[in-house]
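Q:
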Amino acid sequence: MTTHDLVALLQGKRIAILTGAGCSTESGIPDYRGPQARPRKPIQHRDFVESEATRRRYWARSAVGWPRMAGARPNAAHRAIAELEARGLASGLITQNVDRLHHKAGSREVLELHGALADVRCLDCGALESRDALQTRIAALNPDLGAANVTIAPDGDADLPLELVENFRVPACLACGGVLKPDVVFFGGSVPRERVMAAFAKLDAADVLLVVGSSLAVFSGYRFVLRAAEMKMPIAIVNRGETRGDPHAALRVDGAAGEVLPALARALC
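In this note's numbering, each residue carries its 1-based index in the sequence shown increased by 1012.
(1) Return the chain-ordered list of same chain residues with a C-beta closer than 7 Å to the C-beta of A1228, the five sequence neighbours on each side being excluded.
(2) Would you list the residues sitting across from T1107 in a DSSP beta bridge?
(3) Which residues does DSSP pair with A1004 in a beta bridge?
(4) When you compare the CB positions of P1274 and A1092, do they come within less than 8 Å of one another, or not?
(5) Kindly indicate which three-state DSSP category L1101 falls into: helix, strand or coil?
(6) Count the other C-beta atoms from every protein chain shown that fall within 10 angstroms of the C-beta of M1081, then say buried if there are 16 or more, exposed otherwise.
(7) Expressed to the nearest angstrom, what Euclidean distance is found between the alpha-carbon atoms of G1034 and R1143?
(8) Taking only three categories from DSSP, how would you classify K1025?
(9) Can you tell me the Cβ-Cβ gap for V1191 and D1136, rounded? I've got them flagged as a contact below 8 Å.
(10) Out of A1210, E1271 and D1266, state which residue places its alpha-carbon closest to the alpha-carbon of A1028.
(11) Kindly identify the DSSP beta-bridge partner or partners of L1192.
(12) At the level of alpha carbons, what is the spacing between G1267 and R1252?
(13) Counting pairs of Cβ atoms below 8 Å between the segment 1210–1221 and the segment 1098–1114, do you hit three or more?
(14) Buried or exposed: where does L1153 fall if 16 or more other Cβ atoms within 10 Å of its Cβ makes it buried?
(15) Taking contact to mean at least 3 C-beta pairs separated by less than 8 Å, is the segment 1082–1089 in contact with the segment 1113–1121?
(16) Rank D1195, R1058, R1069 and R1207 by C-alpha distance to the C-alpha of N1179 and give the top, closest one.
(17) Between which two residues does the alpha helix (DSSP H) carrying L1273 extend?
(18) Count the other C-beta atoms from every protein chain shown that fall within 10 angstroms of the C-beta of S1014, then say buried if there are 16 or more, exposed otherwise.
(19) Using a 10 Å radius around the Cβ and a threshold of 16 neighbouring Cβ atoms, would you call A1020 buried or exposed?
(20) Output the distance between the C-alpha atoms of A1066 and A1262, rounded to the nearest integer angstrom.
(21) For S1232, which of helix, strand or coil comes out of DSSP?
(22) Kindly give me the distance between the Cβ atoms of V1224 and A1279, rounded to whole angstroms, as I take these residues to be in contact under 8 Å.
(23) Check whether the Cβ atoms of A1277 and L1096 lie closer than 8 Å to each other.
(24) Just to confirm my understanding: we take K1025, look at its own chain, exclude 5 residues before and 5 after, and list those with CB closer than 7 Å. What are they?
(25) According to DSSP, is T1014 part of a helix, a strand, or is it coil?
(26) With H, G and I counted as helix, E and B as strand and the rest as coil, what does DSSP make of L1186?
(27) What does DSSP give as the partner residues of Q1056 in its beta bridges?
(28) Select from L1129, A1151 and F1231 the residue whose C-alpha is nearest the C-alpha of L1113.
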């Protein structure tokens, strides 16, 4: 299908938008399942909570990857989605991404299904700290880390030499000395029920679901395609490559989000 077909389907309708990692790859943020992605095992929620070694490995690698994540800028797809929202055409934006790029692009009503890496939460007392502030503390505890030559990976991760991981010092919660975790839903974790219900409400207020840059391999996003299909709501998918939701889609455009979404916004706005 073409962008022209996509415009015809969405014209005059209230659009619920679901975005995935493919919406951010053009901003230099790698993904897990895109055409250029390297196979890798994402961190698991249970491993992080139960293993001090896993937490040390995570924070060491994140410390090196965070500047790249924090410095990423919205691409044309993020800006186009913000424009659709500003013109009142998007009834809701649900993102599986944890990079805050939709906010940086100007979107105001963003439901972050999996949370955001910009926030850090204590598992013991619940206190919040900004990731930027934590990065300053990490650098003070680990002055040699900045010299590492690394490869950036998805979700602010980075490939790091073993010796740097083993010697890494993990900061504790400033409020209670407890264990810190990025305020995101790791693989194997659960999206809070109230967040899921809020996302369903955004979908229920729409006439059509537009999926952008997601393979829908993870159920947390795929559930919205199933809900739309049950409601007999038209589903449009913009993605490079096949997706789990293709059998339910009224149409699918195989292309880059940064090319398709601006053209869509120009036609609809």
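Backbone N, C-alpha and C fix where the C-beta goes; we use that ideal spot for every residue, glycine too.
A: On the basis of the data shown:
(1) The sequence position of residue 1228 within the sequence shown is 216, counting from 1. Contrary to the premise, residue 1228 reads as Leu rather than Ala in this sequence. Result list for L1228: Y1234, V1237, T1255, R1256 and G1257, in chain order.
(2) Residue 1107 sits at position 95 when you count from the first residue of the sequence shown. According to DSSP, which records beta bridges pairwise, T1107 is partnered with T1031 and E1124.
(3) Since the first residue shown for the chain is 1013 and the last is 1281, residue 1004 is missing from the structure and cannot be characterised.
(4) Within the sequence shown, the letter at position 262 stands for residue 1274. Within the sequence shown, the letter at position 80 stands for residue 1092. Their beta carbons are under 8 Å apart, which means P1274 touches A1092 by this criterion.
(5) Residue numbering aside, residue 1101 sits at position 89 when the sequence shown is read from its first letter. Three-state result, L1101: coil.
(6) As a working note, residue 1081 is residue 69 in the sequence shown. It counts as buried.
(7) Numbered from its first residue, the sequence shown carries residue 1034 at position 22. Numbered from its first residue, the sequence shown carries residue 1143 at position 131. Roughly 23 Å separates the two Cα atoms.
(8) Residue numbering aside, residue 1025 sits at position 13 when the sequence shown is read from its first letter. Reduced to three states, the DSSP call for K1025 is coil.
(9) Taking the sequence shown and counting its residues from 1, the one referred to as residue 1191 is at position 179. Taking the sequence shown and counting its residues from 1, the one referred to as residue 1136 is at position 124. Confirmed, about 6 Å.
(10) Locating residue 1028 in the sequence shown gives position 16, counting from the first residue. Considering only alpha carbons, the answer is A1210.
(11) Position 180 of the sequence shown, counted from the start, is the residue given in the question as residue 1192. Looking at the DSSP assignment, L1192 forms a beta bridge with C1134.
(12) By one-based count along the sequence shown, residue 1267 stands at place 255. By one-based count along the sequence shown, residue 1252 stands at place 240. Spanning the two alpha carbons is a distance of roughly 5 Å.
(13) yes
(14) Start at 1 with the first residue of the sequence shown, and residue 1153 comes out as number 141. With fewer than 16 other Cβ atoms within 10 Å, it is exposed.
(15) yes
(16) The residue you call residue 1179 lines up with position 167 of the sequence shown. That would be R1069, whose Cα lies nearest to the Cα of N1179.
(17) Translated into the one-based positions of the sequence shown, residue 1273 becomes position 261. Here the alpha helix (DSSP H) through L1273 covers A1269 to L1280.
(18) For the purposes of this step, residue 1014 is taken as the residue at position 2 of the sequence shown. Looking at the sequence itself, residue 1014 is Thr, so the reference to Ser does not match. Answer is exposed; the Cβ neighbour count stays below 16.
(19) The residue you call residue 1020 lines up with position 8 of the sequence shown. A1020 is exposed by the Cβ-count criterion.
(20) Position 54 of the sequence shown, counting from 1, holds the residue named residue 1066. Position 250 of the sequence shown, counting from 1, holds the residue named residue 1262. Note that residue 1066 is Thr in the sequence shown, not Ala. Straight-line Cα distance between these residues: approximately 43 Å.
(21) As a position in the sequence shown, residue 1232 is number 220, starting the count at 1. In this structure, S1232 counts as helix in the three-state DSSP scheme.
(22) For the purposes of this step, residue 1224 is taken as the residue at position 212 of the sequence shown. For the purposes of this step, residue 1279 is taken as the residue at position 267 of the sequence shown. No, V1224 and A1279 are not in contact; Cβ-Cβ is about 16 Å, not under 8 Å.
(23) Translated into positions along the sequence shown, residue 1277 becomes position 265. Translated into positions along the sequence shown, residue 1096 becomes position 84. Yes, the Cβ-Cβ distance between A1277 and L1096 is below 8 Å.
(24) As a working mapping, residue 1025 is identified with position 13 in the sequence shown. Only D1219 and V1220 meet the Cβ criterion.
(25) Here residue 1014 refers to the residue found at position 2 when the sequence shown is read from its first residue. Coil at T1014, not helix or strand.
(26) Taking the sequence shown and counting its residues from 1, one reaches residue 1186 at position 174. Note: L1186 maps to coil in three-state DSSP.
(27) Numbered from its first residue, the sequence shown carries residue 1056 at position 44. In DSSP, Q1056 forms a bridge with F1199.
(28) In the sequence shown, the residue the question calls residue 1113 occupies position 101. Among L1129, A1151 and F1231, the Cα nearest to that of L1113 is on L1129.
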